[in-house]
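FYI, the numbering for the sequence shown is 176 to 281, going by the working numbering.
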Amino acid sequence: MDFDDCCSHWYVADIAYALRDILEDGVNWENPSLQQFLNGYEQRMELDKEILKELPWFLRMHNLVTFAKLLRTVDLEESRDYPEWLSGLHKKLLDKLDDYRVSFKK
176 MDFDDCCSHW YVADIAYALR DILEDGVNWE NPSLQQFLNG YEQRMELDKE
226 ILKELPWFLR MHNLVTFAKL LRTVDLEESR DYPEWLSGLH KKLLDKLDDY
276 RVSFKK
């Protein structure tokens, strides 16, 4: 088993992490996918609407953690001997890091 990413968070962080792809451009409370998720969540657990307003901060926290992980991932020695797929992946990850850097300035 891989427990590298195990951690315990407040439930709002769990919601932010689960919905990170549909919330990539920010929290749109009218998003039908977000509404469906929250409706389903509320069937199992009561949600404090005031606390949900903190969702953008938890998305930012998730992005910062992911950014840190990516920094460790791309820390490779320069080499011309890497296979093409690895060089391509390395470039994609570097580009993603740049995207995160830009988003942090907003």
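We treat Cβ as the ideally placed atom computed from N, Cα and C, and that holds for glycine.
Quick caveat, the model's predicted, so the values are computed rather than measured.
Count the other CB atoms, across all protein chains shown, that sit within 10 Å of the CB of Ala193; report buried if there are 16 or more and exposed otherwise.
Under this definition Ala193 is an exposed residue.
Beta carbon of Ile226, beta carbon of Val187: below 8 Å?
The answer is yes: Cβ separation under 8 Å.
For Leu239, count neighbouring Cβ atoms within 10 angstroms of its own Cβ and tell me buried if that reaches 16, exposed if not.
Classification of Leu239: exposed, given that the 10 Å Cβ count is below 16.
Assuming Arg219 is part of the alpha helix (DSSP H), what are its boundary residues?
Its alpha helix (DSSP H) spans residues Pro207 to Arg219.
Is the beta carbon of Leu213 closer than 8 Å to that of Ile197?
Going by beta carbons, Ile197 and Leu213 fall outside the 8 Å limit.
Reduced DSSP secondary structure (H/G/I, E/B, other) of Gly201:
In the three-state reduction of the DSSP assignment, Gly201 falls in the coil class, being assigned neither a helical nor a strand state.
Classification of Phe279 by the beta-carbon crowding that lies within 10 angstroms, buried from 16 upward
Exposed.
Roughly how many angstroms lie between the CA atoms of Tyr275 and Phe242, to the nearest whole one?
Taking the Cα positions, Tyr275 is about 7 Å away from Phe242.
Assign Arg276 to one of three DSSP states: helix, strand, or coil.
Arg276: helix per DSSP, three-state reduction.
Should Leu251 be labelled buried (16 or more other beta-carbon atoms within 10 Å of its own) or exposed?
Around the beta carbon of Leu251, fewer than 16 other beta carbons lie within 10 angstroms, which makes this residue exposed.
Kindly indicate which three-state DSSP category Tyr186 falls into: helix, strand or coil?
Assigned with DSSP and collapsed to three states, Tyr186 falls in helix.
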